[in-house]
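Protein chains in written order, with numbering that gives the first Met the number 0: chain A, 0 to 109; chain B, 0 to 893. In what follows, a structure is listed as structure tokens, so that the remarks can point back to it.
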Amino acid sequence: MDDNTDVIQGTLDMLILKTLSLEPLHGFGVARRIEQVSRGVFKVNPGSLLTAFQRMERAGLIDAEWRQTENARRAKYYSLTRAGRRQLGAETEGWARRVSAVARLLNAEG
Amino acid sequence: MSLWRQVTRGARVLFFRARADADVADEVGHYYEQSVAAHVAGGLSPEEARRAARREVGNMTVVREQVRSYGWENMVGTFVSDLRYAARRLGNNPGFTTVAALTLALGIGASTAIFSAVYPILFESLPYPHAERIVTVWYAASDHGRALQSFGNYREVAARSRTLDAIAAFKTWQPTMGGAAEPERLDGQRVSASYLRVLGVRPALGRDFDAADDRIRGPNVVVISNALWRRRLGADSTVVGRQLTLDGDAFTVLGVLPPGFESVLGPSAQIWGLLQYDEALPGSGREWGHHLQAVARLRPGVDAARATSEINQIAHAPVPEFARQPGSFMDKGMIVDALRDDITRAVRPGLLAVVGAVVLLLLIATVNVTNLLLARGAQRRGELAMRAALGAGQTRIVRQLITESLLLALVGGALGLLVAAVGVRALVALSPAGMPRLSAIGVHAPVFAFSLIASTVIGVVVGLAPALRASRHDLHGALQQGSRRTAGGHGFTRGTLVAAEVALALVLLVNAGLLLRSLDRLFSIPPGFDPAHLLTMQVQIASPQRYPKDADFNRFYAAALDVVRQVPGVRGAAFTSELPLDGADISTDEYRVQIDMGASSSSAEATELGQAAALRYAVTPGYFEAMGIPLHRGRLFDDRDVAGAAVRPLVVSESFARRAYGNTDPIGRRIRLGGPPNRPWDEIVGVVGDVKQASLAAGETEAVYATTAQWLWAETPLWLVVRAQGDAAALAPAVRKAIWSVDKDQPVIRVSTVDALVAASEAQRRFVMIVFEAFGIAALALAAIGIYGVLANSVTERVRELGVRAALGASSSDILRLVLRDGMVLTVLGIVAGLGGAAAASHAIVTLLYGVPRLDPIAYVVAIALLTAVSAVACWVPAARAAGVDPAITLRAE
Chain A
0 MDDNTDVIQG TLDMLILKTL SLEPLHGFGV ARRIEQVSRG VFKVNPGSLL TAFQRMERAG
60 LIDAEWRQTE NARRAKYYSL TRAGRRQLGA ETEGWARRVS AVARLLNAEG
Chain B
0 MSLWRQVTRG ARVLFFRARA DADVADEVGH YYEQSVAAHV AGGLSPEEAR RAARREVGNM
60 TVVREQVRSY GWENMVGTFV SDLRYAARRL GNNPGFTTVA ALTLALGIGA STAIFSAVYP
120 ILFESLPYPH AERIVTVWYA ASDHGRALQS FGNYREVAAR SRTLDAIAAF KTWQPTMGGA
180 AEPERLDGQR VSASYLRVLG VRPALGRDFD AADDRIRGPN VVVISNALWR RRLGADSTVV
240 GRQLTLDGDA FTVLGVLPPG FESVLGPSAQ IWGLLQYDEA LPGSGREWGH HLQAVARLRP
300 GVDAARATSE INQIAHAPVP EFARQPGSFM DKGMIVDALR DDITRAVRPG LLAVVGAVVL
360 LLLIATVNVT NLLLARGAQR RGELAMRAAL GAGQTRIVRQ LITESLLLAL VGGALGLLVA
420 AVGVRALVAL SPAGMPRLSA IGVHAPVFAF SLIASTVIGV VVGLAPALRA SRHDLHGALQ
480 QGSRRTAGGH GFTRGTLVAA EVALALVLLV NAGLLLRSLD RLFSIPPGFD PAHLLTMQVQ
540 IASPQRYPKD ADFNRFYAAA LDVVRQVPGV RGAAFTSELP LDGADISTDE YRVQIDMGAS
600 SSSAEATELG QAAALRYAVT PGYFEAMGIP LHRGRLFDDR DVAGAAVRPL VVSESFARRA
660 YGNTDPIGRR IRLGGPPNRP WDEIVGVVGD VKQASLAAGE TEAVYATTAQ WLWAETPLWL
720 VVRAQGDAAA LAPAVRKAIW SVDKDQPVIR VSTVDALVAA SEAQRRFVMI VFEAFGIAAL
780 ALAAIGIYGV LANSVTERVR ELGVRAALGA SSSDILRLVL RDGMVLTVLG IVAGLGGAAA
840 ASHAIVTLLY GVPRLDPIAY VVAIALLTAV SAVACWVPAA RAAGVDPAIT LRAE
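If you want it as structure tokens, here you go:
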């Protein structure tokens, strides 16, 4: 647990977009997926995650949809919109550029 | 797309808050359940799984709050709840709210009303194109300042001046319009053909006057106002060329003025005819009478100073083409005034004084609201500290307080608008006769906005002080304030503000007192006649065709007098051409008088002539008796003085006799009043007491009386004066009926008691005084509220200290004195500060004072006594409460 790190500032949206690009998911599903794929490195705060959903939904990056679950409960599922997909592409590109730049800097120093 | 989503999602949350909250709760709940399920699937027992899930999700309430707080709609929600809370706070404290809102309303309303009234009069440009180029042209008269023009001199200036685009002459005209069922007397003007061109107006219908028509025996043509056209002519668009019957003659309508035309030079004028004077300028005619006003339009690029110097040059350099009559005042020079300055000259001092008064009142109101908010802020320190301790951020508290101040300002502003609307109406109703541009007065939106914003900003800034103090770290100290031991430093600020209020109130009260005493002095001046039980009205001959000769005029008036004297309750009656204190411009009736200085009437006489100017009255016998003007020497007019007498008898006033003859007896001396210089001499037969003609404040007016029958021409209208046995006003219907029994078609107008005319003659001073008194009383009340507020607050804060004092043996009268002293110290400090202010402010109203020195001790003493008494009462209430403090209770409350 102590090895868990909060999601790097400013990357939560990108992680959400990436996760939802695979399939529509509800909030916990997204959190669990991020945790699992990052092998437990990133831990998502549910408050931040659900707020991010609100923001991204209003920005038109994702759509929300209530679905009935098997145990007679409502669950809110999120899916990527076309704008969200474009946004994901742009953010991935930007991220890759930044990572390689940082890596170059670190290598130069080392 | 995203903006659309922002708006719709936010609006949905705003309007269906409960459903949105349920959605969030569902989503968070689902998250938790999924987490539990995942842990169970991972092999934990349900109990352990739930614990792990709780650890993972955290406090669900906090998560829900976090998600809920996203979105712009929350700002709106906060604002609405702030507003609701503010309304509740204000509602819970009705005393504070009422006083603060009423104070704001008074300040905002009064200042808006006054500025709304004053702005169009003093500052707004007149409603004519290039109004800044319109000027009036007067003679410079030696003692009256400005005198009216004669037609002859007007013509000379019009022909010779190069700085004027156009110049026009005009006089008032009150024709009676017949033809319909009821004859109606209209207000209008006789003007030269250039009049409308000078003002820059063109008729909306028909055409302007033609210069060719403005000649003696020219065609009878009129231009009418839009209002008259609608009211009497049914807004008929084919009215041009139609005939109107005016004073029994047919006049052709030339044009109708546009609806927006405002007749600044004759506010009630509805009809305009031509002067049609004789261009040949006969020496004995009205062409040389000084009875015309002149208005001109400067050429573009010419300023008033250049026009003044050019016109004066013309005045001082006669040329042979323009022969002048001896005694034409032109050689004394001319005065050129901007039109706006001209029409406001008389009312400017009064209006500026009123503006000063309202600024003082606004200051007092602002100080009062500031004080109230400060006191309230101090009371709320505990509450605010509590909210801060419970986690309210500084911005949240500040926003809350601003909301409160704004709400208060809004309520105050709404009430203020009401006060302003009523106030403007009251001002127009109260305004003295001769106030220009009344029709342009209305609530002035920019001024209202300004005073609203000013007081709001002050409220917000002041309201913030306690918020900032509370949200600064010192929560502990603030929460402990339950037991305040001393009045804090803010008590000093508030004390200073109260003293300032007292000072400002004193300034208003002293000046109100000075004006009140001036009016008192004025009304105690004897007018030279007995105004009590005196009824007056104007009787006009409106159909001259029925009375073709001068003798016919006189016969009508004599017959009217005969029947009026028969009316029961009438003790005496007479006609006069001029009525003292009737509010008319006296320069119209000033005549030059030649005085025979030597005993001989030889050819050397011209060098021995004295020149003088005097007011001329044409009266019927019985005038002096009816008015109660005392005879000092000689005889009064009687039935011997009829037309055709070889020597015309004159009665002169005491001051005229003194100036012309010193101590020698004037009876039997010869003078010449009016008319051509070679007329036979008139003879003085009597000397009567002086009468105030223009105003009570004006100096002695030299006057010469002739009988109407012997005057140079027959005049109409004449003033009828009726001395009544009892109530003068009650006689009016009977007198009017008596006149109409002679000829029912002749109008009887301006019926009034002389008492009312005398009061109206000081209308401007009275108006300013009423405003000062009203504001003074308001200021007194506000100052009292201020003192009361500060003391009551300090007693609340010092309850423990007072309890200790009482426990240690201070008697309740000791405590009473202690608190009273605190209040009275503020009052005295304020009064001391106010004395200087009052003395300085009285400079501004010095022109309105009469017979009272600027530093009149009585006005000061009375104002100070009044202020002290009121503040003592305001102090007494909290002091009595303090004296009633029970030491046992206060100390136990610790």
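Note that the Cβ used here is the ideal one computed from N, Cα and C, for glycine as well.
Report the neighbours of residue i on chain B: residues whose CB is nearer than 8 angstroms to its CB, in chain order.
i, result
"residue 49 of chain A", "23, 26, 27, 30, 62, 65, 66"
"residue 73 of chain A", "25, 29"
Expressed to the nearest angstrom, what Euclidean distance is found between the alpha-carbon atoms of residue i and residue j?
i, j, result
"residue 93 of chain A", "residue 30 of chain B", "31 angstroms"
"residue 894 of chain B", "residue 196 of chain B", "The requested residue 894 of chain B is not part of the displayed model; chain B covers only 0 to 893."
"residue 749 of chain B", "residue 184 of chain B", "11 angstroms"
"residue 736 of chain B", "residue 536 of chain B", "13 angstroms"
"residue 85 of chain A", "residue 56 of chain A", "15 angstroms"
"residue 320 of chain B", "residue 688 of chain B", "45 angstroms"
"residue 26 of chain A", "residue 16 of chain A", "12 angstroms"
"residue 12 of chain A", "residue 53 of chain B", "24 angstroms"
"residue 171 of chain B", "residue 206 of chain B", "22 angstroms"
"residue 272 of chain B", "residue 515 of chain B", "44 angstroms"
With a threshold of 6 angstroms on Cβ separation, who are the neighbours of residue i within its own chain once the five nearest residues in sequence on each side are excluded?
i, result
"residue 837 of chain B", "505, 506, 509"
"residue 130 of chain B", "124"
"residue 439 of chain B", "119"
"residue 918 of chain B", "No answer is possible for residue 918 of chain B: the residues shown for chain B start at 0 and end at 893."
"residue 779 of chain B", "504, 869"
For residue i, which residues in chain A fall below 7 angstroms Cβ to Cβ?
i, result
"residue 108 of chain B", "Neighbours of residue 108 of chain B on chain A: none; closest Cβ ~46 angstroms, over 7 angstroms."
"residue 37 of chain B", "31"
"residue 69 of chain B", "50, 53, 54"
"residue 393 of chain B", "The premise fails here: residue 393 of chain B is roughly 23 angstroms from chain A at the closest Cβ pair, so nothing lies under 7 angstroms."
Residues in its own chain within less than 8 angstroms of residue i by CB, not counting five upstream and five downstream?
i, result
"residue 552 of chain B", "540, 546, 713, 714, 715"
"residue 210 of chain B", "192, 193"
"residue 285 of chain B", "150, 276"
"residue 437 of chain B", "266, 427, 430"
The beta strand (DSSP E) with residue i in it runs from where to where?
i, result
"residue 535 of chain B", "533 to 538"
"residue 77 of chain A", "73 to 79"
"residue 331 of chain B", "Careful: residue 331 of chain B lies outside any beta strand (DSSP E) and carries neither H nor E."
"residue 571 of chain B", "569 to 575"
"residue 171 of chain B", "163 to 172"
"residue 772 of chain B", "Element bounds for residue 772 of chain B: not the beta strand (DSSP E) but the alpha helix (DSSP H), 762 to 796."
Sorted by chain position, which residues of the same chain lie with C-beta nearer than 7 angstroms to residue i's C-beta, five sequence neighbours on each side aside?
i, result
"residue 24 of chain B", "63"
"residue 862 of chain B", "505, 508, 509, 512"
"residue 472 of chain B", "For residue 472 of chain B, the predicted model reports a pLDDT of 49, less than 50, meaning its position is unreliable; a value from the coordinates is still stated below. Here the set comprises nothing."
"residue 641 of chain B", "708"
"residue 234 of chain B", "228"
"residue 301 of chain B", "162"
"residue 341 of chain B", "135"
"residue 55 of chain B", "34"
Run through chain B and tell me which residues come within less than 9 angstroms of residue i, C-beta to C-beta.
i, result
"residue 67 of chain A", "Those within 9 angstroms of residue 67 of chain A in chain B number zero; the least Cβ separation is about 12 angstroms."
"residue 26 of chain A", "26, 27, 29, 30, 33"
Ends of the alpha helix (DSSP H) at residue i?
i, result
"residue 270 of chain B", "Taken as a continuous stretch (DSSP letters only), residue 270 of chain B belongs to no alpha helix (DSSP H), being part of the beta strand (DSSP E) at 270 to 273."
"residue 739 of chain B", "727 to 741"
"residue 53 of chain A", "45 to 57"
Counting only Cβ pairs nearer than 9 angstroms, list the residues of chain A close to residue i.
i, result
"residue 5 of chain B", "57, 58"
"residue 8 of chain B", "53, 56, 57"
"residue 454 of chain B", "The premise fails here: residue 454 of chain B is roughly 40 angstroms from chain A at the closest Cβ pair, so nothing lies under 9 angstroms."
"residue 438 of chain B", "Those do not exist, as residue 438 of chain B stays about 56 angstroms from chain A at its closest Cβ, beyond 9 angstroms."
Can you pull the chain A residues whose beta carbon is under 8 angstroms from the beta carbon of residue i, in chain order?
i, result
"residue 56 of chain B", "45"
At least one CB of chain C closer than 8 angstroms to the CB of residue i: is that the case?
i, result
"residue 254 of chain B", "The structure shown contains no chain C; the protein chains it does contain are A and B."
Would you mind listing the beta strand (DSSP E) stretches within the stretch 222 to 250 of chain B that are 3+ residues and don't spill past its ends, in chain order? Counting only unbroken stretches of 3 or more residues, the beta strand (DSSP E) elements lying wholly within the stretch 222 to 250 of chain B are 242 to 245, in sequence order.
With a floor of 3 residues, list each beta strand (DSSP E) that falls wholly inside the stretch 670 to 724 of chain B, ordered by position along the chain. Counting only runs of 3 or more, we get 681 to 687, 702 to 706, 717 to 723.
Note down, one range per segment and in chain order, each beta strand (DSSP E) of at least 3 residues found wholly within the stretch 103 to 146 of chain B. Entirely contained in the stretch 103 to 146 of chain B, the beta strand (DSSP E) runs reaching 3 residues are, in chain order, 133 to 140, 144 to 146.
Those runs of the alpha helix (DSSP H) which lie wholly inside the stretch 66 to 109 of chain B and span at least 4 residues: Whole alpha helix (DSSP H) segments, 4+ residues: 72 to 91.
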